[in-house]
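A.B. asks: Below you will find the structure I want to go over with you.
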Amino acid sequence: MPRPLLQVTGLEAGYGSAQVLFGIDLAVGEGEVVALMGRNGMGKTTLVRSLVGLANRMAGRIEFAGVDVTRFPGYRVARAGLGLVPEGRHVFRSLDVEENLVATARSAAQAPTGSAEGSAREPWTLSRVYEFFPRLAERRHHRGNQLSGGEQQMLAIGRALLTQPSLLVLDEATEGLAPLIREDIWQTLGRLKAGGLAVLVVDRDLRALSRLADRYVILDKGQVARSGPVSDLSEQASTIERHIGVA
Ligand SMILES: Nc1ncnc2c1ncn2[C@@H]1O[C@H](COP(=O)(O)OP(=O)(O)OP(=O)(O)O)[C@@H](O)[C@H]1O
Ligand SMILES: [Mg+2]
1 MPRPLLQVTG
11 LEAGYGSAQV
21 LFGIDLAVGE
31 GEVVALMGRN
41 GMGKTTLVRS
51 LVGLANRMAG
61 RIEFAGVDVT
71 RFPGYRVARA
81 GLGLVPEGRH
91 VFRSLDVEEN
101 LVATARSAAQ
111 APTGSAEGSA
121 REPWTLSRVY
131 EFFPRLAERR
141 HHRGNQLSGG
151 EQQMLAIGRA
161 LLTQPSLLVL
171 DEATEGLAPL
181 IREDIWQTLG
191 RLKAGGLAVL
201 VVDRDLRALS
211 RLADRYVILD
221 KGQVARSGPV
231 SDLSEQASTI
241 ERHIGVA
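Right, here's the structure in full:
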């Protein structure tokens with residue numbers, strides 16, 4: 001694996017006193033794409049939320065770019081370079097596309113300089129996001145509630161990119177989208193990977209994941225049930241489909 005960017009060790013987490021995650025180990029290397037899978041309710045979103053302080057972290061350690069962020073509030077994890085595209089997208093419905101994009105943006109000058117690769121990457125600006133997503137440029141003065149599901153998803157990704165992440169975390173980014181739009185999102189992630197961005201992606205589309213990801217992790221009842229190189233996904237498709245509930 002390349003140099004670890006995100007390193008989760010023995011993470012126990014949940015909501016209030018209800019524990020959902022039991023000793024999760026997970027790593028994402030610089031520039032690497034890791035697929036996080038598992039049936040409904042197995043703890044994928046809780047894991048993602050734990051990374052940014054939105055679930056109760058009970059034990060274990062979360063390291064990002066060599067810094068212990070276990071106790072960091074969400075904005076500090078974001079500042080360290082973790083860009084979140086949350087489940088459900090959370091686009092501001094009454095703000096237009098551009099307002100949504102700049103609401104949480106951070107200029108490149110504020111980006112972390114800790115990682116050599118990170119500082120070598122081209123910073124994200126509004127115009128670069130519009131170049132990357134021409135559809136958002138066309139819709140720049142449309143409000144969030146006037147956008148299609150696919151456009152909202154692009155907006156959620158564009159917004160995360162403008163925080164200058166070195167790791168993009170997407171929770172069910174293709175959920176509820178038409179097949180052609182899904183394919184657009186997968187292509188987008190492919191382009192981001194080619195640009196050197198690390199990605200942790202929660203999804204259930206095995207075919208798309210096996211094209212994009214380097215490794216996979218499957219959660220079962222809050223524990224890592226399987227993990228390995230993505231080549232396993234095709235070799236052991238039926239076992240894995242059983243694990244993630246698509247068979
Ligand atoms: N805010 C919450 N408060 C209490 N329990 C929660 C909360 N959110 C989720 N849970 C519980 O935590 C467990 C894991 O849920 P989580 O949302 O992490 O699963 P998931 O793998 O993301 O599922 P899905 O595929 O449906 O998105 C479930 O038992 C769920 O009921
Ligand atoms: Mg979820």
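In the working numbering, the protein residues as written are 1 to 247.
C-beta: ideal position from N, C-alpha, C; glycine also.
(1) By alpha-carbon positions, which one of R39, N100, E12, R93 ends up nearest to G53?
(2) For A198, tell me which candidate among L167, Y75, E175 has the shortest Cα-Cα distance.
(3) F45 and R57 look like a contact to me (Cβ under 8 angstroms); what is the Cβ gap, rounded to whole Å?
(4) Considering only the alpha carbon of each residue, which of E151, L101, A103, G83 lies closest to Q248?
(5) How about D171: is its Cβ closer than 7 angstroms to a heavy atom in ligand 2?
(6) Please say whether W124 and L95 have beta carbons closer to each other than 8 angstroms?
(7) Looking at the strands, I want to know which residues DSSP matches up with S227.
(8) Leaving aside the five residues before and after F133 along the sequence, list all residues of the same chain whose C-beta is less than 7 angstroms from its C-beta, in chain order.
(9) By how many angstroms is the C-alpha of Q223 removed from the C-alpha of Q187?
(10) Where do the N-terminal and C-terminal ends of the beta strand (DSSP E) with V20 fall, by residue?
(11) Is the stretch 84–92 in contact with the stretch 25–32, if contact means three or more CB pairs nearer than 8 angstroms?
(12) Please identify the residue among L126, R76, E122 whose C-alpha is closest to the C-alpha of E99.
C.D. replies: In short, the structure shows the following:
(1) E12
(2) For the residues L167, Y75, E175, the minimum Cα distance to A198 belongs to L167.
(3) Phe is not the amino acid found at residue 45; the sequence shown has Thr there. Under the criterion of beta carbons closer than 8 angstroms, T45 and R57 do not qualify as touching, at roughly 15 angstroms.
(4) Nothing can be reported for residue 248, as the shown portion of the chain is limited to 1 through 247.
(5) yes
(6) no
(7) V217
(8) M154, G158
(9) For Q187 and Q223, the distance between alpha carbons rounds to 30 angstroms.
(10) 18–29
(11) no
(12) L126
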